[in-house]
Amino acid sequence: MQQRPLRGLALFTVLSLAVAACGGSGATTAPGTGTASVPVTSEPPESEPGESEPGESEPGESEPGESEPGGSPAPLPSDPVEDADISGEIQVGAQFTEGADEIATTRYDRFLERYPGVTVNWTESGFDPATFLTSVAAGEQPDVVRMDREVLGTYIAEGALEPLDQCVSDRQIDMGQYYDSAVSQVTFDGQVYGIPEDYSTRLILVNDSVLEEVDLTPEDIDTSDWEALSQINEQLMSVDGGQISRLGFDPKLPEFFPLWAAANDASLVSEDGLTAQLDSPGVVEALEYAVSLITAHGSPAAFFDFRATGPGSAFFGEENQFTEDSLGAFPMEQWYLNVLAADTPDEEVSFQPFRAKDGSEITYASGSTWAIPTGTENYAAACEFIRVVTRPEAWIAAAQVRADARAETGEPFTGTFTANEEANDAIFSSLVTEENAGAYYPHVQKVVELMPDARALPAVPNGGEFQRIWQEAVRRVLDEGVPAAQALADAQVEAQDAIDSGAP
């Protein structure tokens, strides 16, 4: 198996640390982090496959309602592939005994039970860019890692990941079982470099009590009509003498910028991931508009300061934006439904799909992927581990365990959102019901309906660097008042250079 030499490791390690230090001007999720100028991102902290909130649940999850015992048990499909002839040991870059939840451990156990002759060691830590590349350069890398799909291209460009075409072929992995957008994110130059794990999509969360106060309904929140949305933003917000006491419609910048661009029939990069399009008219217009929703509150600094330190800024817990009425509405990953259902189940929250300007319902997908680092000494076992833990029967078994656990405690269950469409079909047809999902049931079904057609950025050479560049452009507009067209024009040059330097 040929291995590409690592390129630019020292420089990339520095850049990785810089990216890690940059939170981004527009996101909120984890409590106690972020400042007025650099709030935290909207993704939950690095967690085990299947987790969605720090330490406990999975990115693909959102649970409300009253539970029956796990819904109807979903029949587990049989694995048509014979056992692999593998032995030895592998190190997996993930948590197992420390912090992994049942969605992770149930699937890992399936591999351990099936292959008792393989010793599996765990790093008991999440993915760290600098540590990973350093370990690859030193020949001390794990045999399997889990990372964000949007930055996979960075490590492909660095020669730090093995192509998985041999794995896919030898172990008969049907890539058609995974959502197209997820597969596009792990495919580069015709080769597969990752097997998709979870699948996080976006929808709009609406604070019913705030809307009632200003005589609006959830149906009035329509992102296809930008002029009307601006007016609604003004109605929802509460600002007196420059002091914000409630945010209107939070556009979630910078991290949801690709979604706003998609709503304007534009994309930050070409479909093949090789041409940056940051300065295209549709992208510029999308940023100008999304930023206007923030500046309508006054200064961006005041907006982010209120979100980071004002009432409900904890994001998790009983005092969040909805219980404190400190927010009107915002787009958010579907995993946050689980947080609200668990922390504040009686709070009235509605949901609306995000709509493009042409009126169509759209969503944007992200998530993690399993990959095999360059230099692994047990490629076959690493390949089989990835295959087994992402199989439909593994996900269904894990979802059943979670559903049963929720039923025993009287907590709600709305499913486990995976990148495996076959698994989701079984989970949401058998395990998730109106009874155990409650008022959230129709909204969960809407999420499931939109998942197959979700938008996503493709695999981009130096994807992590590309992400840093466009996010910094958004921050320049917000923090420095640089016009969107100028910030994106400057970023376009830098982004294309980054792509070209990592292209094959």
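Everything in the sequence shown is counted per our numbering, starting at 395 for the first residue and increasing by one.
Don't be surprised by glycine CBs; every beta carbon is placed ideally from N, CA and C.
- Its Cα nearest to that of P510, the residue F779 stands out among Q890, S895, F779, A850.
- Taking 7 Å as the cut-off, the Cβ atoms of R543 and E727 do not count as close.
- Burial check for G588: the Cβ neighbour count within 10 Å reaches 16 or more, so the residue is buried.
- Taking 7 Å as the cut-off, the beta carbon of E591 is found closer than this to the beta carbon of S762.
- Taking the Cα positions, V733 is about 20 Å away from V604.
- A distance below 7 Å separates the beta carbons of S575 and A759.
- For G676, the enclosing alpha helix (DSSP H) begins and ends at 675–689.
- T499 has its alpha-carbon roughly 28 Å from the corresponding atom of A848.
- Taking C-beta atoms as the reference points, P767 and V530 count as a pair closer than 7 Å.
- If you draw a straight line from the Cα of V826 to the Cα of D891, it is about 47 Å long.
- Straight through space, the alpha carbons of I550 and L470 are spaced by roughly 35 Å.
- Between the beta-carbon of A793 and that of R501 there is about 10 Å, and that puts the pair past the 8 Å contact cut.
- One thing to note: I615 has its Cβ within 7 Å of the Cβ of Q746.
- Bridge partners of M631 according to DSSP: none are assigned.
- Going by C-alpha positions, A797 is about 43 Å away from E621.
- Following the DSSP letters along the chain, one finds T611 in no beta strand (DSSP E), marked with neither H nor E.
- In the structure shown, F779 adopts helical secondary structure according to DSSP, grouped into three states.
- Counting every other CB atom within 10 Å of its CB across the protein chains shown gives T703 a total below 16, marking it as exposed.
- Three or more beta-carbon pairs separated by less than 8 Å are not found between the stretch 648–658 and the stretch 772–787, which leaves the two stretches without contact.
- Take V633, set aside five residues on each side of it, and the residues of its chain with a beta-carbon closer than 7 Å to its own are H691, G692, in chain order.
- By the CB criterion at 7 Å, A878 and L731 fall outside the cutoff.
- Note on A532: under 16 other CB atoms within 10 angstroms of its CB, so exposed under the neighbour-count rule.
- Uninterrupted beta strand (DSSP E) stretches at least 3 residues long and entirely within the stretch 748–831 occur at 762–765, given in chain order.
- Looking at the DSSP output, E866 bridges to nothing.
- Look at T499 here: in three-state DSSP terms it is helix.
- Taking a C-beta distance under 7 Å as the contact criterion, G711 and D737 qualify as a contact pair.
- Look at R565 here: in three-state DSSP terms it is coil, with no helix or strand label.
- Between the C-alpha atoms of G896 and G857 there is a straight-line separation of about 9 Å.
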